[in-house]
Amino acid sequence: MATVTFFVVAVLAVASALGLILKRNPIHGALFLVINLACVAVLYLSLGAEFLAAAQVIVYAGAIMVLFVFAIMVLIPGKEETGPDPRRAVRLLALPVGALLFVQLAMIVRPRDARVPPPPAGGSAESLGTLLFTDYLFPFELTSVLLLAAMVGVLVLARRRPS
Amino acid sequence: MPGLHSYLVVAALVFAIGLFGVLTRRNAVGILLGIELMLNAVNINLVAFARLHGDPIGLLFALFTIAITVAEVAVGLAIVIVIFRVRRTIDADRLDLLRG
Chain A
251 MATVTFFVVA
261 VLAVASALGL
271 ILKRNPIHGA
281 LFLVINLACV
291 AVLYLSLGAE
301 FLAAAQVIVY
311 AGAIMVLFVF
321 AIMVLIPGKE
331 ETGPDPRRAV
341 RLLALPVGAL
351 LFVQLAMIVR
361 PRDARVPPPP
371 AGGSAESLGT
381 LLFTDYLFPF
391 ELTSVLLLAA
401 MVGVLVLARR
411 RPS
Chain B
20 MPGLHSYLVV
30 AALVFAIGLF
40 GVLTRRNAVG
50 ILLGIELMLN
60 AVNINLVAFA
70 RLHGDPIGLL
80 FALFTIAITV
90 AEVAVGLAIV
100 IVIFRVRRTI
110 DADRLDLLRG
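Protein chains in written order, with our numbering: chain A, 251 to 413; chain B, 20 to 119.
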């Protein structure tokens, strides 16, 4: 059962990633990204990381996708990718580059890693929260400062300047 | 349940597809979408290795990655919007002001 779930979700994740790349319209790309993110959340669940799966859905679906869709609606892009491609020769190189990277990564992952992992070690909110507020308090606080800096930076960038 | 190997191969595949997208898209928003794919693939690896070693620190690291991704997307999209306001285009090929 777990194996079947894994393969269905893995195929869906890869297919939605391909759809994201191949569709010219960015709004379709954003919707494919939603499918991909949901599949990744299911992969987290199957690895025993329940809290991370929930955080993935909340943060990505709740925050990042809204940002993306909003930006796409504001910009109304899509005209960019029609018409002749000025750098076609360079872009054709991207396929061998991506394929080579995948082959290399897949060669590193040799079948000796095919062992079935041990039972999950504390993917619950409780164990993660304990770690976060004891041993990793400093990175946690640093992340909140980073988020604040990003928020202020975005406000400054997006402000309409009086002309 | 499937072995660690299968998770790593899926993550490698998604990462390679993301790289391909970043290299081929001409739309700046499309490039950001490709970066999202790559970051997600890295997170799958982190969670898979956390499970293999029985160590929840990998999960914590993935959580930090998610938080930093939010900051990256917010700043990235704000920059794209400002570029659109100034140049009236977000075609990455035509944003070559910094080219010497």
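For glycine and all other residues, C-beta sits at the position ideal for the given N, C-alpha and C.
Residue closest to residue i, alpha-carbon to alpha-carbon, out of the options
{"i": "Val89 (chain B)", "options": "A:Met323, A:Leu325, A:Val307", "result": "A:Val307"}
{"i": "Asp110 (chain B)", "options": "B:Val28, B:Leu51, B:Leu23", "result": "B:Leu51"}
{"i": "Ala69 (chain B)", "options": "B:Asp112, B:Leu23, B:Arg106", "result": "B:Leu23"}
{"i": "Leu79 (chain B)", "options": "A:Leu396, A:Pro389, A:Leu268, A:Ala260", "result": "A:Pro389"}
{"i": "Pro276 (chain A)", "options": "B:Arg45, B:Gly49, B:Leu42", "result": "B:Gly49"}
{"i": "Ala375 (chain A)", "options": "A:Leu302, A:Ala400, A:Val402", "result": "A:Leu302"}
{"i": "Ala349 (chain A)", "options": "B:Asn46, B:Tyr26, B:Ala35, B:Ala30", "result": "B:Ala35"}
{"i": "Val395 (chain A)", "options": "B:Arg107, B:Glu55, B:Ile87", "result": "B:Ile87"}
{"i": "Asn64 (chain B)", "options": "A:Leu397, A:Val359, A:Thr255", "result": "A:Val359"}
{"i": "Asn46 (chain B)", "options": "A:Arg338, A:Ile322, A:Ser266, A:Ser296", "result": "A:Ile322"}
{"i": "Ala267 (chain A)", "options": "A:Gly298, A:Val258, A:Phe282", "result": "A:Phe282"}
{"i": "Pro336 (chain A)", "options": "B:Arg107, B:Asp112, B:Met57", "result": "B:Asp112"}
{"i": "Val92 (chain B)", "options": "B:Asp74, B:Pro75, B:Gly53, B:Phe39", "result": "B:Gly53"}
{"i": "Gly37 (chain B)", "options": "B:Ile76, B:Tyr26, B:Val94, B:Asn59", "result": "B:Asn59"}
{"i": "Val28 (chain B)", "options": "B:Pro75, B:Ala67, B:Asp74", "result": "B:Ala67"}
{"i": "Ala291 (chain A)", "options": "A:Gly279, A:Ala280, A:Ala304", "result": "A:Ala304"}
{"i": "Phe39 (chain B)", "options": "A:Val347, A:Leu293, A:Ala280", "result": "A:Val347"}
{"i": "Thr43 (chain B)", "options": "A:Met401, A:Gln354, A:Leu342, A:Arg411", "result": "A:Leu342"}
{"i": "Val309 (chain A)", "options": "B:Ala31, B:Glu55, B:Leu71", "result": "B:Glu55"}
{"i": "Gly95 (chain B)", "options": "A:Leu272, A:Val264, A:Ala400", "result": "A:Ala400"}
{"i": "Phe103 (chain B)", "options": "A:Ala339, A:Val324, A:Met357, A:Val284", "result": "A:Val324"}
{"i": "Leu382 (chain A)", "options": "B:Arg107, B:Leu82, B:Ile100, B:Leu117", "result": "B:Leu82"}
{"i": "Ala263 (chain A)", "options": "A:Asp385, A:Leu293, A:Gly373", "result": "A:Leu293"}
In DSSP terms, what residue i is bridged to
{"i": "Asp110 (chain B)", "result": "B:Asn46"}
Heavy atom of the ligand NAD within 7 Å of residue i beta-carbon
{"i": "Gly348 (chain A)", "result": "Of ligands this structure carries none, so the ligand NAD is not represented either."}
Within chain B, partners of residue i - CB distance below 7 Å
{"i": "Leu416 (chain A)", "result": "Because chain A is modelled from 251 through 413, residue 416 (chain A) falls outside the range shown and cannot be assessed."}
{"i": "Gly403 (chain A)", "result": "Val94"}
{"i": "Arg337 (chain A)", "result": "Asp112"}
{"i": "Val395 (chain A)", "result": "Near Val395 (chain A) there are no residues of chain B at all, since even the closest Cβ is about 11 Å away, more than 7 Å."}
{"i": "Val324 (chain A)", "result": "Ile100"}
Under 9 Å from the C-beta of residue i: neighbouring residues of chain B
{"i": "Arg341 (chain A)", "result": "Leu42, Thr43, Arg45"}
{"i": "Ala344 (chain A)", "result": "Leu38, Phe39, Gly40, Val41, Leu42, Thr43"}
{"i": "Phe256 (chain A)", "result": "Met20, Pro21, Ser25, Tyr26, Val29"}
Beta-carbon neighbours of residue i, restricted to chain A and to distances below 7 Å
{"i": "Ile50 (chain B)", "result": "Simply none; closest approach about 10 Å."}
{"i": "Leu78 (chain B)", "result": "Ala299, Leu302, Gly373, Leu378"}
{"i": "Leu32 (chain B)", "result": "Val264, Phe352"}
{"i": "Val61 (chain B)", "result": "Chain A residues near Val61 (chain B): none, gap ~11 Å exceeds 7 Å."}
Proximal chain B residues relative to residue i, where beta-carbon distance stays under 8 Å
{"i": "Ile314 (chain A)", "result": "Glu55, Thr88, Val89, Val92"}
{"i": "Leu268 (chain A)", "result": "Ile36"}
{"i": "Gly348 (chain A)", "result": "Ala35, Ile36, Leu38, Phe39, Leu42"}
{"i": "Val359 (chain A)", "result": "His24, Leu27, Val28, Ala31"}
{"i": "Ile285 (chain A)", "result": "Under the 8 Å cutoff, chain B gives no residues; its nearest Cβ is about 12 Å from Ile285 (chain A)."}
{"i": "Ala408 (chain A)", "result": "Ala97, Ile100, Val101"}
Beta-carbon neighbours of residue i, restricted to chain A and to distances below 8 Å
{"i": "Val29 (chain B)", "result": "Ala260, Ala263, Val264, Leu293"}
Chain-ordered chain A contacts of residue i [CB-CB under 9 Å]
{"i": "Leu116 (chain B)", "result": "Residues of chain A passing the Cβ test: none, with the nearest at roughly 17 Å."}
Cutoff 8 Å: residue i Cβ touching any chain D Cβ
{"i": "Phe383 (chain A)", "result": "Absence of chain D from the displayed structure is noted, the protein chains being A and B."}
> Of all the residues that make up the region 102–114 of chain B, which are near chain A by a beta-carbon distance shorter than 9 Å?
Replying inline: Of all residues in the region 102–114 of chain B, Phe103, Arg104, Thr108, Ile109, Asp110, Ala111, Asp112, Arg113 have a Cβ within less than 9 Å of some Cβ in chain A.
>> Check whether the region 305–319 of chain A and the region 391–405 of chain A touch, using three or more Cβ-Cβ pairs below 8 Å as the test.
In response: With the cut-off at 8 Å, the region 305–319 of chain A and the region 391–405 of chain A do not touch.
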